[in-house]
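So the sequence shown is numbered by full-length UniProt numbering: it starts at 1 and just counts up by one. Here a beta-carbon is modelled for each residue, glycine too, at the ideal position from N, C-alpha and C.
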Amino acid sequence: MNFIRKGPGYLFFRTEKTDNLEKALKDFLNGQALRLTDALERAEEDMTIAFVSEAKEDSDGVDDTESIIMLPTTPLVTMEELINLGIAELINKVELGAGQLVMRIPEDGQEIIKQLKENYNARLVNIIEGIKQGKTGDTILSFTEEPIKTRVSSLQMVKTNLLIEKPVNVIHKELRRDVVRHITHGLEETQWYELKINIYDSGNMYEEQYKRLVTALADLELGFILGESWTKDHAVALLSVIAYQIRLFTILPPKKIKKILIGLEYDQDGERIVDYDLYYNSKKVQWFEVVSQGVRTNRPNMAARCRESLLSELSQEAVEKIQTIEDKIKAKKN
């Protein structure tokens with residue numbers, strides 16, 4: 001489970017030849033001209049968002065920018081290529097903006113933001129303000145509740161930003177060391193959830209069902225797997241079955257994990273292919289416990305909605321991997 005990663009870098013170019021520089025960045029450095037909101041949503045770690053502006057003394061590099069180019073390399077590599085390709089002669093002045101970090105927090109994690117704001121004497125800003133006001137030695141710390149992977153899929157998922165007057169490499173080192181402590185301290189009950197997931201497959205394809213589950217858990221960064229073992233699941237009174245158990249340590253509440261498991265229990269044809277039973281505090285979490293109040297549904301319909309929601313959150317690579325495993329399961333059954 002990843003809680004902290006770097007965001008893209010920001011470069012501000014002042015030039016008397018904006019069109020020529022923009023063309024060079026696109027033609028020779030594989031840059032893409034985008035709106036700022038699109039660049040912020042698409043840029044990944046180790047990429048650069050470049051602002052190309054006319055060479056004016058009062059330029060802030062954002063409001064009066066002529067074009068915004070997303071580049072597939074870090075600011076350092078970008079500058080190296082500009083110099084080696086002879087493009088640097090087009091540039092009157094270049095400035096490196098604030099570094100950026102993205103931190104994943106639990107729902108209602110305002111206490112975490114509050115304590116970090118106090119610890120670093122930081123200012124609350126929106127992302128545009130952070131880019132405009134941040135300097136070379138500053139850090140923009142952005143918060144989201146969604147898995148961070150290599151980028152955040154939508155700016156709407158970024159809850160808050162802090163502008164910290166401290167270099168990004170220093171903040172990154174400190175948060176990598178202390179992030180779990182910050183999150184634990186900020187949780188309402190000051191605890192994580194330790195869950196048990198029992199896998200039961202009447203077709204005895206435990207390895208395939210395990211891989212489907214772990215693919216989703218890893219791709220969505222849902223938590224840490226603390227252990228695995230075979231166990232007896234007392235599915236019916238006086239009757240026990242053998243199941244494979246995974247112990248999951250997570251900041252997400254059991255009902256959220258249950259929805260994901262329900263979505264994985266059925267394949268794309270609506271056929272139930274496995275049981276993923278969830279236990280919290282030795283109590284089984286039932287499927288109907290996650291149904292919204294006042295909604296009438298049955299398990300297959302609920303599973304279809306959960307599966308659709310799950311697949312929309314997974315990366316394309318994870319979706320394809322799960323589909324390949326499901327095709328293998330279906331082929332074995334037939």
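Residue i beta carbon near the ligand MN (any heavy atom closer than 6 Å)
i: Lys321; result: Looking at this structure, you won't find the ligand MN or any other ligand, since it has none at all.
Reduced DSSP secondary structure (H/G/I, E/B, other) of residue i
i: Gly223; result: coil
i: Gln32; result: strand
i: Met157; result: helix
i: Thr144; result: strand
i: Lys135; result: coil
i: Tyr276; result: strand
i: Ile251; result: coil
i: Met103; result: strand
i: Glu271; result: coil
i: Ile113; result: helix
Reference residue i, options the options, closest by Cα
i: Pro106; options: Lys93, Glu95, Phe143, Met302; result: Phe143
i: Lys166; options: Ala88, Gly137, Arg181, Glu174; result: Gly137
i: Leu264; options: Ile225, Val319, Leu226; result: Val319
i: Lys255; options: Ile246, Tyr266, Val291, Ser240; result: Val291
i: residue 342; options: Phe249, Val170, Ile260, Ala98; result: Nothing about residue 342 can be reported from this structure: the residues present for the chain run from 1 to 334 only.
i: Glu145; options: Asp267, Lys135, Met157; result: Met157
i: Glu308; options: Asn281, Ile325, Asp267; result: Asp267
i: Thr324; options: Cys306, Gln209, Ser229; result: Gln209
i: Ser282; options: Asp269, Leu314, Arg247; result: Arg247
Residue j beta carbon less than 7 Å from that of residue i
i: Asp277; j: Asn198; result: yes
i: Asp38; j: Thr74; result: no
i: Leu175; j: Ile329; result: no
i: Asn161; j: Gly130; result: yes
Opening and closing residue of the alpha helix (DSSP H) in which residue i lies
i: Lys166; result: That residue, Lys166, is in no alpha helix (DSSP H); it is neither H nor E in DSSP.
i: Lys284; result: From DSSP, Lys284 is part of no alpha helix (DSSP H) but of the beta strand (DSSP E) over 283-285.
i: Lys333; result: 316-333
Beta strand (DSSP E) segment containing residue i, residue limits
i: Glu194; result: 193-200
i: Val125; result: 123-125
i: Arg296; result: It is not in any beta strand (DSSP E) - Arg296 carries neither H nor E in the DSSP assignment.
Residue(s) in a DSSP beta bridge with residue i
i: Ile69; result: Ala33, Ala50
i: Ile242; result: Lys232
i: Leu96; result: Leu11
i: Arg307; result: In the DSSP output, where bridge partners are listed per residue, Arg307 has none listed.
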